[in-house]
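**Student:**
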Amino acid sequence: MKPSFELLALGVGVWMTVGTMGAASANPVRIQDDPEPPTSNRLLNANAFRSVSPPAILAQSPPLTLSANRDTEGDPTPPFAIAFSPKPTTIAQAPTVSKPSTAKPTPKPQTAAQGTTSPPPRPSAPLPTPTGSPPSRPATPTPATPAPTTPGTGGANQLVPTPAGLDPSPNRLQFPTRPGEVQVRSTQPITLQQALELAERNNRDIEVARLQVEQGRAAIREARAGNFPTLGLTTGLTRSGSAFITQDRQQNSFLEQLGIDSGSNSSTRTAFSVGAQLNYDIFTSGLRPAQIEGAERRSRATELQLEQTREDLRLQVSNDYYNLQNADSQVAINEAAVRNAEANLRDSRAQETAGLGTRFDTLRAEVNLANAQQQLRNSQATQEINRRQLAQRLSLSETATLTAADPVQPAGTWTIPLEDSIVLAYKNRAELEEQLVQREISQAQIRAARAQNGVTLGFVGSYNFQRSGTTTNSTSNSDNYSLGLQARWNLFDGGATNAQISQQERNREIAEARFAQNRNLVRFQVEQAFTNLQANLANINTTQQSVAQAEEALRLAILRFQAGVGTQTDRISAEAALTQAQGNRVSAIINYNLALAQLRRAVSNLSP
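Sequential numbering from 102 applies to the sequence shown in our numbering.
Below is the structure:
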């Protein structure tokens with residue numbers, strides 16, 4: 102029996118070995134989302150339609166290049182230009198943007214040589230890659246972590262000189278009267294940091310705020326001048342005489358001829374006088390110190406208003422710049438959508454010519470192209486409006502306009518916790534200090550009003566000198582001086598002082614109420630910006646993956662449509678989904694940057 106069992110075991114082993122070898126030599130089963138195109142005779146015989154295998158088309162696609170917000174001389178790539186393949190199956194893509202990394206970064210995909218795949222599933226064929234980039238670049242690039250910026254320091258943009266030819270005319274009263282004086286003749290790309298520098302130098306709101314600060318400082322000097330005495334000088338020159346001097350002279354001459362003395366000697370008198378007076382209020386019951394303090398506090402209020410204007414301007418310029426970046430990206434996305442729609446229309450017409458498609462499919466492709474072109478025109482109009490909005494904010498020259506030179510990418514990270522950000526905002530916000538200053542102004546006005554009912558003691562000194570003479574050579578000199586003290590006391594004013602005190606007390610209470618209101622508003626602004634920042638950070642990660650999925654879905658829709666197993670509706674829907682996903686990705690990055698700018702403004706005194 103034992104040899105029989107050994108023979109039986111040997112036979113089973115041989116049978117299993119032969120079966121394994123046969124299974125290994127069999128063709129493997131293809132498991133993928135995109136089916137193999139059927140080799141139908143009518144498809145192979147269609148001369149009007151290009152017969153190129155879909156993987157080869159995608160592998161041979163030209164590079165997808167985006168020159169976002171660039172308009173420099175010598176650059177071979179025009180602004181917002183995306184290289185498009187003439188082949189109808191090439192997927193036009195929007196610009197690839199980076200995003201900040203999260204706690205769980207997206208793992209890099211494994212190569213085909215490693216025999217493994219990493220989630221999410223990668224496309225079976227590589228997507229177009231830029232010229233000069235490694236062939237192994239994944240379809241969905243790993244998001245680049247933005248360089249962390251410590252609040253209070255500069256961001257990624259370094260201070261660079263602003264371009265020439267953008268400053269406005271030094272003549273504030275310039276009034277163009279000819280069309281050539283307002284015609285835009287130059288388009289200059291600038292970075293966000295350059296835009297902030299131009300705004301600081303040229304913005305009219307900043308200029309007005311600076312002039313108001315100078316006004317406040319002049320008011321302080323005026324109030325402090327009350328600590329010094331006033332010295333006045335007066336001079337006078339008078340000439341007096343008889344109105345009938347000619348008749349008197351004739352009468353005197355006649356009497357002298359008769360030898361009779363007339364007894365009258367008419368003459369003209371001339372007098373010159375000089376006087377000096379010194380006044381000084383020795384005691385004012387606190388009026389003068391209260392006026393000085395009020396002027397100093399009002400000057401401080403103008404400085405805080407300048408700080409608010411500067412911080413608001415930085416936020417407005419940042420918002421305008423990011424909106425311009427968003428408009429530029431939307432133009433690029435819509436241009437890619439137009440190219441996809443044109444490729445779809447070419448495929449539809451080719452299939453209709455070859456008898457593989459219908460007129461209905463061609464009409465749908467034409468409508469889809471018209472809709473894409475309309476969206477492109479609308480985005481181009483929005484782009485031009487945002488350019489002029491930024492130029493108006495920066496008070497540029499009449500003949501200059503701007504484009505955004507910075508790439509669309511996250512502007513930095515926020516490393517301060519929410520609670521610390523709120524406390525930091527309470528310490529830094531000028532709006533809170535301004536209400537405290539307004540309260541101090543009201544208190545100074547109250548003391549000044551009460552001092553008006555007090556005693557004022559003043560010193561008065563004067564000196565006068567007079568020299569007079571007549572036509573009979575009679576001259577005389579005289580001088581005198583006086584020193585004295587004057588006391589003034591307002592005993593009754595009908596209740597005007599008490600009314601002024603009541604008004605200033607109400608102003609003080611208003612300042613306290615506004616302080617509490619602004620404190621609540623500051624907290625809400627910090628919380629709102631912080632929440633939006635966190636939400637958009639997560640959206641960047643989500644949209645980055647959705648773009649890759651939409652690109653793969655469109656690729657499969659094109660393959661299915663060309664193979665005759667898919668519909669044009671699927672392709673159009675996939676194109677629309679890709680356009681929306683690309684727009685969502687750009688919107689997530691722009692909204693992240695806007696939230697970061699708002700958070701920096703909410704905390705204040707923190708440079709981007």
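Positions of the beta carbon are idealized from the N, C-alpha and C atoms, including for glycine.
Alpha carbon to alpha carbon, how far is Glu397 from Gln406?
**Tutor:** 14 Å
**Student:** Classify Asn380 as helix, strand or coil using the three-state DSSP reduction.
**Tutor:** strand
**Student:** If you drop the 5 nearest sequence neighbours on each side, which residues of the same chain put their C-beta closer than 8 Å to that of Ile691?
**Tutor:** Contacts found: Tyr423, Asn424, Gln426, Asn427, Ser430 and Val509.
**Student:** Using the beta-carbon count (16 or more within 10 Å), is Tyr582 buried or exposed?
**Tutor:** exposed
**Student:** Based on the DSSP output, what are the partners of Pro290 in its beta bridges?
**Tutor:** Thr504
**Student:** Using the Cα positions of Thr336 and Arg589, report the straight-line distance between them to the nearest angstrom.
**Tutor:** 28 Å
**Student:** Leaving aside the five residues before and after Val283 along the sequence, list all residues of the same chain whose C-beta is less than 6 Å from its C-beta, in chain order.
**Tutor:** Pro277 and Glu499
**Student:** Are Thr576 and Gly570 closer than 8 Å when you measure CB to CB?
**Tutor:** yes
**Student:** Does the distance from the CB of Glu308 to the CB of Ala545 come in under 8 Å?
**Tutor:** Not in contact: Glu308 and Ala545 (Cβ atoms no closer than 8 Å).
**Student:** Could you tell me the alpha carbon to alpha carbon distance between Asn380 and Gln587, rounded to whole angstroms?
**Tutor:** Roughly 10 Å between the two C-alpha positions.
**Student:** To the nearest angstrom, report how far apart Gln294 and Leu503 are at their CA atoms.
**Tutor:** Between Gln294 and Leu503, the C-alpha separation is close to 14 Å.
**Student:** In the structure shown, what three-state DSSP assignment does Gly665 receive?
**Tutor:** In the structure shown, Gly665 sits in coil (DSSP, three-state: anything other than H, G, I, E or B).
**Student:** How about Ala296: is its Cβ closer than 7 Å to a heavy atom in the ligand ADP?
**Tutor:** Although the ligand ADP was asked about, the structure shown includes no ligands whatsoever.
**Student:** Note down, in chain order, each residue of its chain lying with its Cβ closer than 6 Å to the Cβ of Val375, except the 5 sequence neighbours on either side.
**Tutor:** Thr336 and Phe566
**Student:** Measuring alpha carbon to alpha carbon, tell me which of Tyr527, Arg370, Phe373 and Leu470 ends up nearest Ser674.
**Tutor:** Leu470
**Student:** Going along the chain, which residues of its own chain have a beta-carbon closer than 6 Å to the beta-carbon of Leu558, five neighbours each way excluded?
**Tutor:** Ile383, Phe384 and Ala588
**Student:** Beta carbon of Gln626, beta carbon of Ala703: below 8 Å?
**Tutor:** yes
**Student:** For Leu697, does the three-state DSSP call read helix, strand or coil?
**Tutor:** Leu697: helix per DSSP, three-state reduction.
**Student:** Would the beta-carbon of Arg399 fall within 8 Å of that of Gly327?
**Tutor:** Note that the C-beta distance between Arg399 and Gly327 is not below 8 Å.
**Student:** For Ile132, I'd like the list of residues in its chain whose CB is within less than 7 Å of its CB, leaving aside the five on either flank, ordered along the chain.
**Tutor:** Note on Ile132: pLDDT 36, under 50, position unreliable in the model; no value is reported.
**Student:** So, with DSSP's three-state summary, where would you put Arg279?
**Tutor:** Coil, per DSSP.
**Student:** Can you give me the Cβ contacts of Ala300 inside the same chain, cut-off strictly under 7 Å, excluding the 5 residues immediately before and after it?
**Tutor:** Leu414, Val418, Arg494 and Leu495
**Student:** Beta-carbon separation of Ile718 and Ile547 under 8 Å?
**Tutor:** No answer is possible for residue 718: it lies beyond the span of the chain, which begins at 102 and ends at 709.
**Student:** Determine the burial state of Asp507: buried for a count of at least 16 other Cβ atoms within 10 Å of its Cβ, exposed for fewer.
**Tutor:** buried
**Student:** In this structure, how does DSSP classify Arg401 when only helix, strand and coil are distinguished?
**Tutor:** helix
**Student:** When burial is assigned at 16 or more other CB atoms within 10 Å of the CB, is Phe631 buried or exposed?
**Tutor:** Phe631 should be labelled buried.
**Student:** Given that a residue counts as buried once 16 or more other Cβ atoms are within 10 Å of its Cβ, and exposed if not, what is Asp421?
**Tutor:** buried
**Student:** Within its chain, find whatever has a CB closer than 7 Å to the CB of Thr410; leave out the 5 residues flanking it on each side and keep chain order.
**Tutor:** Asp306, Ile307 and Ala310
**Student:** Taking its Cβ as the centre, do 16 or more other Cβ atoms sit within 10 Å of Pro271, making it buried, or is it exposed?
**Tutor:** exposed
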